[in-house]
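Written below as structure tokens is the structure these notes are about.
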Amino acid sequence: MPIYTWKGKNTFGEKRKGEVEAPDQAAALAHVKRLRIADPVIKEKPKDIFANVALFRPKVTGKDVVIFTRQLSTMIDAG
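FYI, the numbering for the sequence shown is 5 to 83, going by the working numbering.
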């Protein structure tokens, strides 16, 4: 489900903002209205463009390779 960000004022006139996960903008608006936020502005939160970039993912370390090869060797020896 997409995440929506919202801004608005509560019943005391204080500015509030937050995020809500909802299937569509109408459901997000209904949730924010239940929080008694007056005149909410709701926008879909943009996707993180770097989320799927391999550059920022954790890399395989030498220790991981050693553990994997030892376990693979044990499984091969076991039959």
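Using N, Cα and C, we set each Cβ at its ideal position, and we do this for glycine too.
Take Lys11 and list the residues in its own chain whose beta-carbon comes closer than 6 angstroms to its own, dropping the five residues that flank it on each side.
Around Lys11: Lys21 and Val45.
Got a sec, what are the start and stop residues for the beta strand (DSSP E) Asp43 sits in?
It spans Ala42 to Glu48 - the beta strand (DSSP E) in which Asp43 sits, taken as one unbroken run.
My understanding is that His35 touches Ala26, with C-beta atoms under 8 angstroms, so please give their C-beta distance in whole angstroms.
Confirmed, about 6 angstroms.
Could you check the C-alpha separation between Asp28 and Leu39 for me, to the nearest Å?
Rounded to the nearest angstrom, the two C-alpha atoms are 17 angstroms apart.
So, helix, strand or coil for Ile53, using DSSP?
Three-state result, Ile53: coil.
Looking only at its own chain, which residues have a Cβ that is under 8 angstroms from the Cβ of Leu33, when we skip the five neighbours before and after it?
Cβ within range, chain order: Pro44 and Ile46.
DSSP beta-bridge partners for Glu23?
DSSP, once it has assigned bridges, lists Thr9 as partnering Glu23.
Please classify Val24: is it buried, with 16 or more other beta-carbons within 10 angstroms of its beta-carbon, or exposed?
Result: buried.
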